[in-house]
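Quick notes on the structure that follows.
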Amino acid sequence: MKFKKKTAMILSFAVGTLMFASTAMAEVASKNGYDQVKDSLKYTAESCTTKLSNYTMDVSLVMKDNGNTIASNSSVIKCSVSDQATERTETTIEGSTKREYYNYSDKNSFINKDNSQNVYYVNEYEKPHENNSFKNPFKEKQASDVEKIADALIGNLKDSVAVTQNADGSKELSGSLNESQIPALVNAVVSFQSKNVFGRNRGDNEDYMPKISKDIFVKDVTGKMLIDKNGLIQSVLGTGTISGKDESGKEHILTFELLGKLSNINSTIVKKPDLSGQKVEKVIEKDYNRLSNPEKYTGKYKSDIILEKDGKFEKIGERSINIEQINEKSISGTYHEEYTKGYEDYAYNKTDFKFSASFNKDHFDAPFTSSDSSIKGNISVNPHSARIYFNIDSRRNQNLVSDDEFNKVFN
């Protein structure tokens, strides 16, 4: 979503509240109903990331203050699992300001357009990227822990959900909780988060947001989920209401409404936009998980040797490394120290040597060894700049100030 940072935080908070409603529905059902909801969530996530060829999602979120709409977002997201591509159109309303956005992404590029600027921004990748839209959240490392936390928050709520079996094999789950049924721990978390999100000072362009800061609690949550005969979720509707007061004592009833639909399964077309005749700004996005053109790192690098004396810093010499050979797997070169005349006494353990190293897998750092095996250390290449980090084991003079960052020397 393209909400401003503060509004995005607020609406993310709203989604969290409504997700609590959906989880509550699942937990308070009979064990059979609870298992059905969990199975449907996992089956839908698996289908939308691996099994379906393509589909369309419609998602809308509305936030109201005392019955008046103050912010909303509606999105249509077309997804092609087979091509790992998505296309999204989005409209946001924040107070009296309306904005429209568009973006397209695949393994090789990301294209977005802000209609207010009428410019397409094109990011092209040096090598194919994994599209995070097709990651199954239930296969993430934290998934089981999040599930346990949700179960603990819900507690022992029961008999608050209805499961309706339809003639075509589909099912509808619906339920609601009132303020007396909301666990105290949930209210405490909501109150704390509401103060952080709503209670802070904001700019004039976000004055439409209420500043609730006290007497905050969840009034009610409701939810409805429609599941087809195979267990695929077709739609989800959730609402949640939070009550709170601002510093003047005025009560605010904040209502959040979330609606999601899954449609056009295996008949959705995701189309990359034709930018002919359009205003385009293009960026080549580098892959910082690999060394691009490693030969550019050959050459000399220097780092100052500093003495702290009489409350002042004084340069007394230089350390230098010369990178003679480098590729994606290995690096080699020479190391040298040179001290300013009059400070030779600080060079008592000075050693010039040759070194070589093999990079660790998928990283740009490596343990090195001098050619005579007497000196060991670590070298690391910064893929974002012309810097190299070079550390020698157990060779620190406590009287000197120096770091391990070496900057490239340009003639």
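Letter by letter, the sequence shown follows residues -26 to -1, 1 to 385 in mature numbering (1 follows the signal peptide of the UniProt record, and there is no 0). Glycine included, C-beta positions come from ideal geometry on N, C-alpha and C.
Coarse secondary structure for residue i, derived from DSSP in three states
| i | result |
| --- | --- |
| F384 | coil |
| V375 | strand |
| A117 | helix |
| K350 | strand |
| T23 | helix |
| D339 | strand |
| L289 | The sequence shown places Lys at residue 289, not Leu. Strand at K289. |
| L206 | coil |
| D57 | coil |
| V11 | helix |
| E269 | helix |
| D248 | coil |
| S237 | strand |
| N40 | coil |
| E231 | strand |
| E108 | The sequence shown places Phe at residue 108, not Glu. F108: helix per DSSP, three-state reduction. |
| D278 | strand |
| residue 406 | For the chain, the structure presents residues -26 to 385; residue 406 sits outside this window and is missing. |
| K303 | coil |
| D220 | coil |
| D319 | helix |
| K253 | coil |
| K283 | strand |
| K328 | strand |
CB contact flag (residue i, residue j, <8 Å)
| i | j | result |
| --- | --- | --- |
| I354 | D367 | One point to set straight first is that residue 354 is Ser, not Ile, in the sequence displayed. Taking 8 Å as the Cβ cut-off, S354 and D367 do not qualify as a contacting pair. |
| K246 | T215 | no |
| F327 | S345 | yes |
| E68 | S49 | no |
| P145 | I201 | Note that residue 145 is Lys in the sequence shown here, rather than Pro. A contact, by the Cβ cut-off of 8 Å. |
| R361 | F380 | yes |
| I290 | I279 | yes |
| N352 | P341 | yes |
| I207 | S217 | no |
| F112 | K16 | yes |
| N47 | T23 | no |
| S83 | N92 | no |
| I44 | M183 | yes |
| K219 | G143 | no |
| E292 | E312 | yes |
| A59 | V244 | yes |
Backbone CA spacing between residue i and residue j [nearest angstrom]
| i | j | result |
| --- | --- | --- |
| S90 | E74 | 8 Å |
| H310 | T325 | 7 Å |
| K382 | K274 | 6 Å |
| N161 | F191 | 5 Å |
| S250 | A158 | 58 Å |
| R34 | G197 | Looking at the sequence shown, residue 34 is not Arg but Ser. Cα to Cα, S34 sits roughly 15 Å from G197. |
| K12 | E20 | 12 Å |
| V2 | V137 | Unreliable placement is indicated for V2, whose pLDDT of 44 sits below 50; no coordinate value is reported for it. |
| L(-9) | I300 | Residue confidence for L(-9) is low, a pLDDT of 48 falling below 50, so the modelled location carries little weight and cannot support an answer. |
| N105 | V55 | 10 Å |
| K52 | N356 | 38 Å |
| D319 | F384 | 30 Å |
| E61 | F329 | 50 Å |
| E231 | K38 | 9 Å |
| K235 | D248 | 28 Å |
| Y76 | I85 | 8 Å |
| T18 | I295 | 55 Å |
| L374 | L281 | 5 Å |
| A(-3) | V164 | Because the pLDDT of A(-3) is 46, which lies under 50, any placement of that residue in the model is unreliable, and the number read from its coordinates should be weighed accordingly. If I take the Cα positions, the gap works out to 15 Å. |
| S154 | Q10 | 27 Å |
| Y302 | F287 | Correcting the residue type first, residue 302 is Glu in the shown sequence and not Tyr. Distance between the alpha carbons of E302 and F287: 38 Å. |
| D181 | T213 | 24 Å |
| T233 | V36 | Per the sequence shown, the amino acid found at residue 233 is Leu instead of Thr. If I take the Cα positions, the gap works out to 9 Å. |
| Q167 | G149 | 25 Å |
| H70 | N140 | A small correction: the amino acid at residue 70 is Ser; His does not occupy that position in the sequence shown. Spanning the two alpha carbons is a distance of roughly 43 Å. |
| D57 | D378 | 45 Å |
| T314 | H337 | 36 Å |
| G316 | Q116 | 59 Å |
| E225 | N40 | 9 Å |
| L26 | E100 | 28 Å |
Beta-carbon separation (whole angstroms), residue i vs residue j, contact threshold 8 Å
| i | j | result |
| --- | --- | --- |
| S277 | S376 | 7 Å |
| residue 386 | I239 | Residue 386 cannot be examined here, being either before or after the span of the chain that is shown, -26 to 385. |
| V254 | Y94 | 5 Å |
| H103 | K87 | Not really, about 20 Å apart at Cβ, beyond 8 Å. |
| S14 | G223 | With 8 Å as the limit, S14 and G223 do not qualify as a contact, their Cβ atoms being about 44 Å apart. |
| T343 | K350 | 5 Å |
| L151 | V195 | 5 Å |
| S237 | D32 | 7 Å |
| S304 | A331 | 7 Å |
message = Report the start-end ranges of each beta strand (DSSP E) in the stretch 65 to 100 that is 3 residues or longer and not cut off at the edges.
response = 71 to 79, 83 to 88, 93 to 99
ask   = What are the complete alpha helix (DSSP H) segments, minimum 4 residues, inside the stretch 143 to 197?
value = As for any alpha helix (DSSP H) of minimum length 4 sitting wholly inside the stretch 143 to 197, the runs are 158 to 172, ordered along the chain.
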